[in-house]
Amino acid sequence: MSDPFTGLKICYWNANGIYSKLTDFKNFVHNHYPDVILFQETMLKPTQNIFIPDYNFFRNDGIQTPVSGGTAILIKNNISHHEVPTPSLNSIKTTIISVHFANIPHHHCFYLCSLPHHRIRSPR
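Residue numbers for the sequence shown follow my numbering, beginning at 97 and rising by one.
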């Protein structure tokens with residue numbers, strides 16, 4: 097019996113503003129066809145949408161005045177997944193999806209980043 101799960105190609109990108117780099121980003125996806133891409137510093141405005149054929153794009157925008165921060169996850173349509181509601185956090189932005197594989201328990205894919213000028217403190 098063969099194992100249906102052969103691994104994932106996962107990429108990470110600190111975009112520092114994805115919308116202005118969309119052509120280069122689409123070329124990267126076309127050439128490398130990753131399964132999942134995690135983003136920080138998307139700096140997207142609510143009116144700016146990202147569409148890549150064969151992928152779903154989930155996002156959690158950062159502060160809008162001025163536009164900063166933001167996280168996102170791009171995942172192939174053919175990978176079973178769903179978005180997980182994002183909790184309200186004071187010093188962290190996050191985008192969360194749950195990925196489903198046959199015969200493997202659900203895995204959550206979290207992408208977290210701290211907001212500018214916020215410290216993440218561990219409980220004492």
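All C-beta atoms in this analysis are idealised placements derived from N, C-alpha and C, irrespective of residue type, glycine included.
- For the 8 Å CB-CB criterion, I133 and C107 form a contact.
- A direct Cα-Cα distance of roughly 17 Å separates I188 from L140.
- Secondary structure of T119 (DSSP, three-state): helix.
- DSSP links I171 through a beta bridge to V132, N152.
- Distance from the CA of D131 to the CA of T161, rounded to the nearest whole angstrom, comes to 32 Å.
- Between W109 and S194, the alpha-carbon positions lie close to 20 Å from each other.
- When only Cα atoms are considered, Y115 and K105 end up about 23 Å apart.
- Inter-residue distance for K117 and S184 is about 29 Å (C-alpha atoms, whole angstroms).
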